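> Just dropping this structure here.
Residue numbers (the numbering used here): 153 to 261.
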């Protein structure tokens with residue numbers, strides 16, 4: 153409880169669930185995370201949101217449906233699939249859950 157759940161877009165599986173327990177934010181609507189280079193995400197901006205001391209923990213998740221939503225509607229300044237790969241390649245972030253439909257990241261600390 154009290155943790156930050158950070159999604160790529162609002163097309164996320166959290167709708168109408170446990171709003172009183174967690175803080176929900178999205179990269180599409182709420183976080184300035186794109187760098188001056190439009191092809192690269194600003195991982196430091198995402199890291200600073202996830203390090204916010206108001207939250208006991210922070211989880212960033214990207215799902216297949218969020219990527220499809222971003223591809224279809226061009227919602228984000230950097231493609232969500234590009235961000236996902238940058239997060240996978242970064243030593244700043246660690247995967248805590250992964251399957252064919254989703255990947256969940258935390259800070260590597």
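All residues carry an ideal CB built from backbone N, CA and C; glycine is no exception. Small disclaimer: the values here were computed from a predicted structure and weren't measured.
What's the C-alpha gap between residue 173 and residue 259?
21 Å
> What number of angstroms, rounded off, separates the C-alpha of residue 157 from the C-alpha of residue 212?
The straight-line gap from Cα to Cα measures roughly 6 Å.
> Answer with buried or exposed for residue 193, where buried requires no fewer than 16 other C-beta atoms within 10 angstroms of its C-beta.
Classification for residue 193: buried.
> Does DSSP classify residue 157 as helix, strand or coil?
Correct three-state label for residue 157: strand.
> To the nearest angstrom, how far is the alpha carbon of residue 200 from that of residue 217?
Cα-Cα distance, rounded: 25 Å.
> If I'm right that residue 232 touches residue 160 with Cβ under 8 Å, what's the distance once you round it to whole angstroms?
5 Å
> With distances taken Cα to Cα, identify the nearest neighbour of residue 197 among 256, 179, 251.
From the listed residues 256, 179, 251, the smallest Cα separation to residue 197 is found for 179.
> If you follow the beta strand (DSSP E) that residue 212 is part of, which residue opens it and which one closes it?
210-215
> Is there a Cβ from chain C that is less than 9 Å from the Cβ of residue 245?
Any reference to chain C falls outside this structure, which holds one protein chain only.
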